[in-house]
Amino acid sequence: MEYYFNKVIKGNFKDILQAVKISLKKEDFELFYEIDMQEKVYLKLGNICPEFVVLGACNMDFLYNVLDMKGEITASLPFNIVLQQINKNEVKVVAIDPFSSIKDSNNEFLVILTYAIKLKLARVMESITTLSDSKFLRM
Numbered sequence: 135m136e137y138y139f140n141k142v143i144k145g146n147f148k149d150i151l152q153a154v155k156i157s158l159k160k161e162d163f164e165l166f167y168e169i170d171m172q173e174k175v176y177l178k179l180g181n182i183c184p185e186f187v188v189l190g191a192c193n194m195d196f197l198y199n200v201l202d203m204k205g206e207i208t209a210s211l212p213f214n215i216v217l218q219q220i221n222k223n224e225v226k227v228v229a230i231d232p233f234s235s236i237k238d239s240n241n242e243f244l245v246i247l248t249y250a251i252k253l254k255l256a257r258v259m260e261s262i263t264t265l266s267d268s269k270f271l272r273m
């Protein structure tokens with residue numbers, strides 16, 4: 135069983151990044167941060183690398199429900215979604231599946247919650263292809 139979602143999408147990096155943000159919002163994820171790793175590498179090392187962005191997102195209902203849990207899942211919050219330019223017209227989008235690390239937990243409530251988040255992340259990954267092709271992103 136895979137422990138992450140992984141998708142390669144044809145298109146412009148900025149359009150795909152925007153599509154991911156829109157899709158996360160539709161699935162009730164709050165965007166906590168956006169780190170431009172390309173810029174960080176350049177500023178620190180002076181090296182140029184392909185576009186590479188890390189988004190930190192969390193579903194606030196999920197966050198509220200797990201706040202009192204002792205590290206089982208809170209250590210992995212917010213969830214990271216990584217976008218990497220792999221060539222001129224292809225972007226890899228990767229996100230860890232939180233359910234894969236919790237599914238064997240004795241905490242049934244947490245298992246149910248992380249499965250719900252897995253489904254939301256799966257819908258995000260599924261919808262970004264269509265959104266990145268949408269003309270409204272280029273307005």
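Heads up: take any position in the sequence shown, counting from 1, add 134, and you land on the numbering used here.
By construction, the Cβ of each residue, glycine as well, lies at the ideal position given by its N, Cα and C atoms.
All figures in this text were calculated on a predicted structure; none of them were measured in a lab.
query = Which parts of the region 148-212 are runs of the beta strand (DSSP E), unbroken and 3 residues or longer, counting only runs that do not cross its ends?
reply = 163-170, 186-193
message = Three or more C-beta pairs under 8 angstroms: does that hold for the region 172-180 against the region 146-158?
response = no
message = Going by C-alpha to C-alpha distance, which of GLU136, ILE156, ILE207, VAL188 sits closest to ASN240?
response = ILE207
ask   = For the region 218-234 against the region 244-254, are there 3 or more C-beta pairs whose distance is under 8 angstroms?
value = yes
message = Quick check on LYS222: buried or exposed, where buried means 16 or more other Cβ atoms within 10 Å of its Cβ?
response = exposed
query = Is LEU244 closer than 9 angstroms to PHE213 when the C-beta atoms are compared?
reply = no
ask   = In its own chain, which residues sit with a C-beta less than 6 angstroms from the C-beta of LYS226, not counting the 5 before and 5 after it?
value = VAL142, GLN218, ILE220
query = Taking the Cβ atom as the reference point for each residue, do VAL200 and LEU211 lie within a distance shorter than 9 angstroms?
reply = yes
task = Output the boundary residues of the alpha helix (DSSP H) element that contains SER239.
result = Segment: none, SER239 is in no alpha helix (DSSP H) and carries neither H nor E.
task = Can you check DSSP and say which residues form a bridge with LEU217?
result = VAL187, VAL227
ask   = Buried or exposed: which applies to ASN193, given that a residue is buried once 16 or more other Cβ atoms fall within 10 Å of its Cβ?
value = buried
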